[in-house]
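Numbering (my numbering), first residue to last: 88 to 332.
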């Protein structure tokens with residue numbers, strides 16, 4: 088837009104004696120703004136699938152961009168993200184910051200086409216690894232990537248990142264006032280004591296249930312069977328972590 092091409096044609100007429108006369112015919116072609124185009128070509132990609140591995144996730148790809156107006160500059164940006172699935176409290180701004188594109192113009196006024204590079208990196212949010220996703224769960228992040236030419240005209244392409252969950256093992260530990268060892272003195276009466284252990288599971292939809300599976304005795308059991316000794320220790324009967332915790 089704002090550019091013109093003037094074509095001056097010389098039209099000549101010639102009579103039988105070879106005499107000539109001429110007239111200039113002028114054609115003026117005024118430019119308009121052609122919209123930029125963003126597309127998936129060749130080795131380009133606009134969708135990637137990742138599996139969480141207890142570490143930050145990263146992937147990258149390219150998109151092809153073109154603009155018929157040779158003097159236009161075309162710049163990229165990421166304008167929005169739409170999440171489908173459990174984000175575990177991550178804000179829209181945090182998710183949006185995980186996808187980046189080239190900082191400079193990808194078409195600079197001397198070319199008609201260029202390559203847009205995009206990078207997804209969840210480490211932009213304090214080492215986010217999406218561990219909260221359990222096996223069989225997925226989080227889909229649809230990013231809107233926009234290219235804008237010198238006249239402010241835009242085109243957009245969605246880049247879709249799918250994160251698949253895996254099973255994270257539960258953790259049982261001794262924390263705070265927890266205890267995993269007690270010493271009792273026999274008093275010619277039955278003995279009792281109790282304590283707690285701390286349990287966690289990164290998968291937010293998992294249920295974690297406790298059980299006592301074995302006992303090893305060192306010393307004189309006075310003939311008490313393994314089953315009798317095993318039955319002396321009990322734990323909670325219900326799940327100690329449910330899908331809400």
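Note that the Cβ used here is the ideal one computed from N, Cα and C, for glycine as well.
Remember, predicted model here, so these are calculated numbers, not experimental data.
Check, Outcome
"Assigned exposure category for residue 323 - 16 Cβ within 10 Å defines buried", "exposed"
"Residue 109: first and last residue of the uninterrupted beta strand (DSSP E) it sits in", "107 to 117"
"Burial state of residue 319, where buried means 16 or more other Cβ atoms lie within 10 Å", "exposed"
"Enclosing alpha helix (DSSP H) for residue 313 [first to last residue]", "313 to 317"
"Terminal residues of the alpha helix (DSSP H) in which residue 320 lies", "Careful: residue 320 lies outside any alpha helix (DSSP H) and carries neither H nor E."
"Whole alpha helix (DSSP H) elements within the segment 104 to 185, 4-residue minimum", "179 to 183"
"Residue 238 to residue 162 span [Cα, whole Å]", "11 Å"
"Residue-level contact to chain C via CB, residue 234, 8 Å cutoff", "No chain C is present in this structure, which holds just one protein chain."
"Spatial distance of residue 189 from residue 296 (CA atoms)", "48 Å"
"Cβ neighbour criterion (16 or more within 10 Å) applied to residue 114", "exposed"
"Cβ neighbour criterion (16 or more within 10 Å) applied to residue 262", "exposed"
"Contacting residues, own chain, Cβ-Cβ under 6 Å from residue 241 (five flanking each side not counted)", "233, 235"
"Given residue 299 as reference, the closest of 305, 313, 197, 293 once Cα atoms are compared", "313"
"Where the beta strand (DSSP E) through residue 244 begins and ends", "241 to 251"
"Three-way DSSP call (helix, strand, coil) for residue 225 in this model", "strand"
"Distance between residue 170 and residue 153 (C-alpha atoms, nearest Å)", "29 Å"
"Beta-carbon proximity list for residue 212, same chain, < 6 Å, skipping 5 on both sides", "181"
"N-terminal and C-terminal residue of the beta strand (DSSP E) that residue 101 is part of", "91 to 101"
"Delimiting residues of the beta strand (DSSP E) encompassing residue 208", "200 to 208"
"Rounded straight-line distance, which links the Cα of residue 275 to that of residue 174", "57 Å"
"Residue 226 versus residue 287 - alpha carbon distance", "22 Å"
"Buried or exposed (CB count within 10 angstroms, at least 16 for buried), residue 118", "exposed"
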